[in-house]
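Per the working numbering, the sequence shown starts with residue 241, numbered consecutively.
Below: one structure, written as structure tokens.
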Amino acid sequence: MLNDETIVAIATANGIGSISIIRVSGKDALPIALKLSKKIDLKPRLATLSSIYNSKDEIIDEALLIYFKNPFSFTGEDIVEFQCHGGIAISNIIMSEVIKCGARVAQPGEFSKRAFLNGKIDLSKAEAIAKIIEARSEDAVKLLAKQLKGELTDFVNDIREDLLFMLAYTEVNIDYAEEDLPSDIYEQIENKLNKIKDKLDNTLEASKRRDGLIEGFKVAIVGKPNVGKSSLLNKLLNFDRAIISDIAGTTRDTIEESVKIGTHIIKIVDTAGIRDASDVIEQIGIEKSIEAINEADIVISLFDNSKVLDSEDEKILTLLEENSNKEIVKVLNKTDLENQFDKSKLDDFIELSTKETINPLVYKIESILDLNTHSDDMTLISKRQVDSVEQTLFHINEATMPLETGELEFFAHHINEALENISNITRPYEHDQMLDVMFGEFCLGK
């Protein structure tokens, strides 16, 4: 499906560099390139060095031209890339000349949109392309590369195939009851349903564990006032981001910064000290601290080795128990001072001083993130994908009872809804696909 309009855009980042790439896609891409280069022809996939001329026959630049003939291109249309010198002015002049020849400026994402419409990529790959450009960690790049290679596409296609199988047999049983069906067909359908449930459950769970992989895992530092939260933040960042003071309640709002640990990007949130405060502003900060705990992937809870455990520490421990489903790292800080804290109140904790080294804590965080990211489980990379899987799982669960009671019309309805929702991840489901299975496998109308 080729679009009549030819589009153009600068494909490299803004700024000055060694080269700049202007990409042209559409039916007039080759004629425009030939006009600007005064070439008779361009051989597909061969870099051709050529002078580039403007409409007044003046030389603009000397550039490499690469022609990708449809359908063997990213968009599935004719594409020509102008690889010119990397000056801002040169790129804009060439793009202006291409526009004079009949092209128009591409809209954001239009090259990927055309690739989707022409069947070169599906929606999961389009999302992966958008996110891999903005990826900030090695882990994110590796995950997105798997989706670009088609891992999620294969995952969805496997589930679609099983759902189509169920729907086809169900429709046959409803509309063509006289057809001979396999004696174990319901057992096959039930087994496939259970396998799909397990797949989707595992995928949702893995995706929740790895939710921060692309944007950065959120790590909240919590504790009562003056336990060293801001000192720990500054140590992790290697610069003084937070104000340090002996006055309780100095940090009145959450402070958020990003840092790399191992191959992982994390967002560190330094929170206001949690205590019973009469100051309205401080109380708002404390409420934000509790909210940060609820949103965090990892909670670092600090306690003061030099102080006796008190009611404020007990409040922190209670908050940790309420969030026991999260990864919690307990740290006994200020070990350079005389011990007053009752260590028996803590289990599996790290002892350190933020005035010295915090390496034990860094290694602990890295090991937790390694466990959450180094997994073969399928991972969803957007809320849209998560919503589609959740809706698919809902209809799969709803289909179980009608199958058991023999209400095949209701069963077929839920399977059809499941098909549509899982297909939204890659490419919308078309009813003809189910008909192909029906008529191809059962030879109906013979």
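All C-beta atoms in this analysis are idealised placements derived from N, C-alpha and C, irrespective of residue type, glycine included.
Just so it is clear, the structure is predicted and the values come from calculations on it, not from any experiment.
Between which two residues does the beta strand (DSSP E) harbouring residue i extend?
i	result
Gln323	Ile319 to Gly326
Arg449	Where Arg449 is concerned, there is no enclosing beta strand (DSSP E), although the alpha helix (DSSP H) it sits in stretches over Ile425 to Arg449.
Leu572	Glu567 to Asn573
Ser313	Element bounds for Ser313: n/a, residue is neither H nor E.
Ser258	Gly257 to Ser265
Between the options, which lies nearest to residue i when the distance is taken from Cα to Cα?
i	options	result
Ser265	Ile292, Pro284, Val571 and Val320	Val320
Leu560	Asp550, Asn664 and Leu542	Leu542
Arg400	Lys439, Ala375 and Arg376	Lys439
Ile247	Ile259, Ile256 and Ala273	Ala273
Glu567	Ser546, Asp537, Asp553 and Ile250	Asp537
Asp268	Lys279, Asp244 and Ile259	Asp244
Gln323	Ile250, Asn294, Ile414 and Thr558	Ile250
Thr619	Pro311, Phe395 and Glu298	Phe395
Gly646	Lys464, Ile540, Ile414 and Thr511	Ile414
Ile262	Met335, Ser291 and Glu302	Met335
Thr666	Gly390, Ile605 and Asn466	Gly390
Thr315	Ser622, Thr640 and Lys360	Lys360
Lys464	Lys309, Pro311 and Lys547	Lys547
Can you tell me where the alpha helix (DSSP H) holding residue i begins and where it ends?
i	result
Lys507	Unbroken run through Lys507 is the beta strand (DSSP E), His504 to Asp510; no alpha helix (DSSP H).
Ala269	Ala269 to Ser277
Ala249	Not the alpha helix (DSSP H): Ala249 falls in the beta strand (DSSP E), residues Ile247 to Ile250.
Lys623	Lys623 to Thr645
Ser663	Leu648 to Ser663
DSSP on residue i, reduced to helix/strand/coil?
i	result
Tyr669	coil
Val467	coil
Ala376	The displayed chain sequence assigns Arg, not Ala, to residue 376. If DSSP states are grouped into helix, strand and coil, Arg376 belongs with coil.
Ser485	Bear in mind that a pLDDT of 38 at Ser485, under 50, signals an unreliable position, so the number given afterwards is only what the model happens to contain. Residue state, collapsed to three classes: coil.
Asp617	coil
Ile533	helix
Ile299	strand
Asp394	helix
Asp480	Any reading at Asp480 must be qualified, since the residue scores a pLDDT of 47, below 50, and its modelled position is unreliable; the value itself is stated next. Correct three-state label for Asp480: coil.
So what does residue i bridge to, in DSSP terms?
i	result
Lys458	Lys507
Thr288	Leu305
Glu496	Val509
Ile590	Val571
Val539	Ala460 and Ile568
Arg400	Arg400 pairs with nothing; no bridge assigned.
Arg344	Ile247
Asp610	Note: Asp610 sits in no beta bridge, so no partner.
Tyr293	Ile299
Ile501	His504
Inspect the CB distances between the segment 632-650 and the segment 461-473 and report whether three or more fall short of 8 Å. no
Would you check if the segment 652-659 and the segment 403-413 touch, i.e. whether three or more CB-CB distances between them fall below 8 Å? yes
Taking contact to mean 3 or more Cβ pairs, one atom from each stretch, closer than 8 Å, check whether the segment 362-381 and the segment 447-467 are in contact. yes
Closer than 8 Å is the cut-off here; do at least three beta carbon pairs connect the segment 362-377 with the segment 287-299? no
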